[in-house]
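So the protein sequences, as listed, match chains P and X. Here the first sequence stands for residues 5 to 301, numbered as in the working numbering. Here the second sequence stands for residues 39 to 128, numbered as in the working numbering.
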Amino acid sequence: MLQIKNTLGGGKPEGLYAWKKHSYAFTEKSTSGMKANTFITTEAQNKPIKYYYSSSYSYDNNTGMFVLENPTINTIPYGAGVSPSANIYITVFSPSSEIMIKTSNTSGKSTLYNDSLGVYFHITNANYPYTLFESETTLSFIDYIVSDKETAYPDGGEKGGYWYERVAELNPQMFGYTKMAVDTFTPSSDTLFRNWSIPHSLGEIPKFVIIRAKSITSYVTTKYAETWNFGFLHNPDASSSASISMSFTCIYYTSSLSQGHDGLSMLFSSTAIMGGSSVSNTIYLKSGVEYEIITMA
Amino acid sequence: MKYKQIEDNILVAIGESKAIGEEQTEITSEEYNNILSVIHNKPEDTETIIYKLNAETLEYEPYDRPEEPVIEPTDPVIDSIISEVASNGY
Chain P
5 MLQIKNTLGG
15 GKPEGLYAWK
25 KHSYAFTEKS
35 TSGMKANTFI
45 TTEAQNKPIK
55 YYYSSSYSYD
65 NNTGMFVLEN
75 PTINTIPYGA
85 GVSPSANIYI
95 TVFSPSSEIM
105 IKTSNTSGKS
115 TLYNDSLGVY
125 FHITNANYPY
135 TLFESETTLS
145 FIDYIVSDKE
155 TAYPDGGEKG
165 GYWYERVAEL
175 NPQMFGYTKM
185 AVDTFTPSSD
195 TLFRNWSIPH
205 SLGEIPKFVI
215 IRAKSITSYV
225 TTKYAETWNF
235 GFLHNPDASS
245 SASISMSFTC
255 IYYTSSLSQG
265 HDGLSMLFSS
275 TAIMGGSSVS
285 NTIYLKSGVE
295 YEIITMA
Chain X
39 MKYKQIEDNI
49 LVAIGESKAI
59 GEEQTEITSE
69 EYNNILSVIH
79 NKPEDTETII
89 YKLNAETLEY
99 EPYDRPEEPV
109 IEPTDPVIDS
119 IISEVASNGY
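Written out as structure tokens, the structure is:
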């Protein structure tokens, strides 16, 4: 699949893929007065399960885990439940867990079940609520990171002490199409855009085209497309015939940094996009500027 | 693949594409970089002279600057699209 190179991060090196890099911290979160069931898992275990309990615990800020201190181990047969003692901390499957429950100050008012519904803490008397302990993750955005390797960083995961989220990249589905190709060309002279054949590798007549200059210069003129933000064409009725004549709107920036526009009539084919006659101002492609042509269908 | 495009013995462009047409010729990365280096050192055009790249010698040669064509709008649909883009900014 062809990709658009990212230039996120204000001048950092380009890369095929981009992520948001965050610092993160786990904090302990407790919800007192729980009067509803808390499911540890909704999957039936079909076997006895271990649960752990203690009068004290510690919290690991690095992993977001609650760790019971000197826990006692017990087992719940499948299809059964137990009523834990008052004022104790409970975890299931392991003494270190992301979820922990503290029972109410009166024993026998809630039950820990292991049955076909899963493993869950069930309140039997709402007058005796328990406390639910969970971890809360706080992300602080640092910067964008790019790489040519898709697996360089996780999508929604931790690596090297930081949290990463994949940044969505340009894809044809954003425009309602299924196929996309990205190709480049660099003219050797300042050349009128019209009547010039530009190859693309889409393999069929494009229905949507973006042409952009990959390098934006600070000095602009109205007629040079070196400073195009983008030029686009929407050709939804493209057929399988050899070529389609369609309008093409180019947007560029003038010396006063105000937007300008121009129009071209273009011919399309399955292998080349050819510029047609200009509508108003003549448009030139600037020598030495690398243009990217993005085609979709 | 990298390619060069030649028209009437003028090397008009280089580029990169997975598919090329009859007007393009596949080249190596080394040749691509060599041509790109020449392009980046193109002489400045003047009021009366423009420079084009000779495909055989890879040297820029001067040509008389042609008159710019005056193109009149011919399609009212295109005009309306342009007006809409200009007013909406997209």
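Even for Gly, the Cβ is constructed at its ideal location relative to N, Cα and C.
I need the straight-line Cα distance from residue i to residue j, nearest angstrom please.
i	j	result
isoleucine 80 of chain P	tyrosine 55 of chain P	7 angstroms
phenylalanine 212 of chain P	aspartate 64 of chain P	52 angstroms
aspartate 135 of chain X	alanine 57 of chain X	Any property of residue 135 of chain X remains undetermined from this structure, which presents chain X solely from 39 to 128.
serine 100 of chain P	tyrosine 21 of chain P	36 angstroms
serine 284 of chain P	asparagine 71 of chain X	Any answer about serine 284 of chain P is weak, because its pLDDT of 43 lies below 50 and its placement is not dependable; what the coordinates show is given next. Taking the straight line from one Cα to the other gives about 35 angstroms.
histidine 75 of chain P	glutamate 162 of chain P	A small fix is needed here, since residue 75 of chain P is proline in this sequence, not histidine. The straight-line gap from Cα to Cα measures roughly 29 angstroms.
serine 34 of chain P	isoleucine 103 of chain P	10 angstroms
serine 1 of chain P	threonine 31 of chain P	Because chain P is modelled from 5 through 301, residue 1 of chain P falls outside the range shown and cannot be assessed.
valine 86 of chain P	proline 52 of chain P	12 angstroms
serine 244 of chain P	glycine 207 of chain P	Because the pLDDT of serine 244 of chain P is 44, which lies under 50, any placement of that residue in the model is unreliable, and the number read from its coordinates should be weighed accordingly. Rounded to the nearest angstrom, the two C-alpha atoms are 11 angstroms apart.
threonine 128 of chain P	tyrosine 134 of chain P	11 angstroms
tyrosine 79 of chain X	serine 27 of chain P	Reading the sequence as shown, one finds asparagine at residue 79 of chain X and not tyrosine. Cα to Cα, asparagine 79 of chain X sits roughly 45 angstroms from serine 27 of chain P.
alanine 48 of chain P	threonine 115 of chain P	17 angstroms
Taking 7 angstroms as the threshold (beta carbon to beta carbon), is residue i in contact with chain X?
i	result
aspartate 147 of chain P	no
phenylalanine 152 of chain P	Sequence check: residue 152 of chain P is aspartate here, not phenylalanine. Not an interface residue.
aspartate 159 of chain P	no
serine 139 of chain P	no
glycine 37 of chain P	no
glycine 180 of chain P	no
leucine 176 of chain P	The amino acid at residue 176 of chain P is misidentified as leucine; the sequence shows proline. No, no contact with chain X.
aspartate 187 of chain P	yes
Tell whether a beta-carbon distance below 7 angstroms holds between residue i and residue j.
i	j	result
tyrosine 295 of chain P	alanine 217 of chain P	yes
isoleucine 52 of chain X	isoleucine 73 of chain X	yes
tyrosine 93 of chain P	lysine 106 of chain P	yes
glutamate 99 of chain X	serine 201 of chain P	no
threonine 63 of chain X	lysine 42 of chain X	yes
serine 192 of chain P	isoleucine 87 of chain X	no
glutamate 68 of chain X	threonine 188 of chain P	no
isoleucine 215 of chain P	isoleucine 297 of chain P	yes
alanine 276 of chain P	proline 203 of chain P	yes
tyrosine 124 of chain P	asparagine 50 of chain P	no
Which residues does DSSP pair with residue i in a beta bridge?
i	result
methionine 104 of chain P	P:Phe137
histidine 126 of chain P	P:Thr115
histidine 26 of chain P	P:Phe145, P:Trp167
alanine 51 of chain X	P:Pro191, X:Gln43
serine 273 of chain P	None; serine 273 of chain P has no bridge partner.
asparagine 92 of chain X	X:Ile48
proline 100 of chain X	X:Tyr89
threonine 45 of chain P	P:Val123
Could one say the Cβ of residue i lies closer than 7 angstroms to chain P's Cβ atoms, at least one of them?
i	result
alanine 93 of chain X	no
glutamate 105 of chain X	no
isoleucine 146 of chain X	No information on residue 146 of chain X is available, as it lies outside the stretch 39 to 128 that chain X covers here.
leucine 152 of chain X	It is not possible to answer for residue 152 of chain X, since the shown part of chain X is limited to 39 through 128.
lysine 90 of chain X	yes
isoleucine 77 of chain X	yes
isoleucine 58 of chain X	yes
lysine 80 of chain X	yes
glutamate 68 of chain X	no
Classify residue i: buried if its beta carbon has 16 or more other beta carbons within 10 angstroms, exposed otherwise.
i	result
serine 144 of chain P	exposed
lysine 153 of chain P	exposed
alanine 130 of chain P	exposed
isoleucine 146 of chain P	exposed
serine 89 of chain P	exposed
aspartate 46 of chain X	exposed
glycine 194 of chain P	One point to set straight first is that residue 194 of chain P is aspartate, not glycine, in the sequence displayed. Buried, because 16 or more other Cβ atoms sit within 10 Å of the Cβ of aspartate 194 of chain P.
isoleucine 77 of chain P	exposed
proline 176 of chain P	buried
CB of residue i to nearest heavy atom of the ligand SAH: below 6 angstroms?
i	result
isoleucine 214 of chain P	Absent from the structure shown: the ligand SAH. Ligands present: none.
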